[in-house]
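Using our numbering, the first residue of the sequence shown is number 25, and each one after it goes up by one.
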Amino acid sequence: WAAAYTAMFQKSVDTELLGTLVGRSTAAIGSILADHSGYPSAKPELIKRKAKYVLENLATIPLIPGIADFLLRLTKAKIPYGIASNAPRVFLAAALTQHQLPHTFYLGLEDYIRPKPDPEPYIKGAKKLNWQFSDHNSIAVFEDSTHGIEAALGAHMTAVGVCSQHSAERLLQAGASYCIQDFLDLEFLDEHF
Numbered sequence: 025w026a027a028a029y030t031a032m033f034q035k036s037v038d039t040e041l042l043g044t045l046v047g048r049s050t051a052a053i054g055s056i057l058a059d060h061s062g063y064p065s066a067k068p069e070l071i072k073r074k075a076k077y078v079l080e081n082l083a084t085i086p087l088i089p090g091i092a093d094f095l096l097r098l099t100k101a102k103i104p105y106g107i108a109s110n111a112p113r114v115f116l117a118a119a120l121t122q123h124q125l126p127h128t129f130y131l132g133l134e135d136y137i138r139p140k141p142d143p144e145p146y147i148k149g150a151k152k153l154n155w156q157f158s159d160h161n162s163i164a165v166f167e168d169s170t171h172g173i174e175a176a177l178g179a180h181m182t183a184v185g186v187c188s189q190h191s192a193e194r195l196l197q198a199g200a201s202y203c204i205q206d207f208l209d210l211e212f213l214d215e216h217f
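Listed below in structure tokens is the structure:
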């Protein structure tokens, strides 16, 4: 977002503002940043530039440490899982392919009427896993955003904060039951998975 904003408006965007946008949908972030620039009508072009930048630089965008091994671990243990993201499906497909990440399914922004912080993404994900609503509290959701944690709690699931974007304190305040620094936090993962 910062690169697209700077290229488009010839000025940098406040990093504090960007921090408040983590976990929001592409459309919401595009609207907020376009409004912030003083050019609300620039939203579609800003979104287009951000998507282009991300897809062109996907190989250099680092994964959260340990995520590939964690997904393999879930696969080998036959623990059902999926991905529910506010990112567009084209980005998710490209990222999963680029990083050769195992997955059973993924849901992206186009799959919902109401993206996170609404619980709809996680409720749809649970349905794809054939989980009944009464079983939702046994679903662990790994989230790096406060909006995602809000969505998980709204779906009556257990939120595990991943401290890639925010501090553990902030994620716990948002309602996470636990926090991990990354997927190399083997003590937590061994105890729960």
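Cβ atoms here follow ideal geometry from the backbone N, Cα and C, with glycine treated the same way. Quick caveat, the model's predicted, so the values are computed rather than measured.
Hey, quick one: how far does the alpha helix (DSSP H) through residue i stretch, first residue to last?
{"i": "I53", "result": "T50 to S61"}
{"i": "V78", "result": "K67 to E80"}
{"i": "F94", "result": "I91 to K100"}
{"i": "Y136", "result": "Y136 -> no alpha helix (DSSP H), and no H or E assigned at all."}
{"i": "Q197", "result": "A192 to A198"}
{"i": "T44", "result": "T39 to T44"}
{"i": "F157", "result": "Per DSSP, F157 belongs to no alpha helix (DSSP H) and is neither H nor E."}
{"i": "Q122", "result": "R113 to Q122"}
{"i": "I9", "result": "With the chain covering 25 to 217 only, the question about residue 9 has no answer from this structure."}
{"i": "A28", "result": "A26 to F33"}
Assuming contact is defined by CB atoms lying nearer than 9 angstroms, are residue i and residue j in contact in what I supplied?
{"i": "G178", "j": "D142", "result": "yes"}
{"i": "T39", "j": "I71", "result": "no"}
{"i": "Y130", "j": "L153", "result": "no"}
{"i": "K74", "j": "A28", "result": "yes"}
{"i": "S201", "j": "V186", "result": "no"}
{"i": "H190", "j": "G43", "result": "yes"}
{"i": "L79", "j": "A118", "result": "yes"}
{"i": "Y136", "j": "K148", "result": "yes"}
{"i": "L98", "j": "H123", "result": "no"}
Just to confirm my understanding: we take residue i, look at its own chain, exclude 5 residues before and 5 after, and list those with CB closer than 8 angstroms. What are they?
{"i": "D93", "result": "F207"}
{"i": "L95", "result": "Y105, L125, P126 and H127"}
{"i": "Y63", "result": "F33"}
{"i": "N6", "result": "Nothing can be reported for residue 6, as the shown portion of the chain is limited to 25 through 217."}
{"i": "L133", "result": "S49, T50, A51, S109, N110, A111, P112, R113 and P139"}
{"i": "N81", "result": "none"}
Report all residues from its chain with a CB closer than 7 angstroms to the CB of residue i; omit the five preceding and five following residues, and keep chain order.
{"i": "I56", "result": "L45"}
{"i": "A176", "result": "Y146, V165, E167 and A183"}
{"i": "I173", "result": "E167, A183, G185, L195, A198, G199 and A200"}
{"i": "Q205", "result": "C187"}
{"i": "A31", "result": "R73"}
{"i": "I53", "result": "W25 and L45"}
{"i": "K35", "result": "none"}
{"i": "L41", "result": "H60"}
Kindly indicate the opening and closing residues of the beta strand (DSSP E) around residue i.
{"i": "F166", "result": "A164 to E167"}
{"i": "Y202", "result": "Y202 to I204"}
Have a look at the DSSP bridge pairing and note the partners of residue i.
{"i": "A183", "result": "V165"}
{"i": "Y130", "result": "I107"}
Please go through the same chain and pick out, in chain order, the residues whose beta-carbon is closer than 6 angstroms to the beta-carbon of residue i, but skip the five residues on each side of it.
{"i": "L120", "result": "H127"}
{"i": "T170", "result": "A198"}
Check whether chain C comes within 9 angstroms of residue i, counting only Cβ atoms and requiring the distance to be less than that.
{"i": "I71", "result": "Absent from the structure is chain C; it holds one protein chain and no more."}
What I want to know is whether the C-beta of residue i ends up closer than 8 angstroms to one or more non-hydrogen atoms of the ligand ZN.
{"i": "N81", "result": "In the structure shown, the ligand ZN is absent, as is every other ligand, since no ligand is present at all."}
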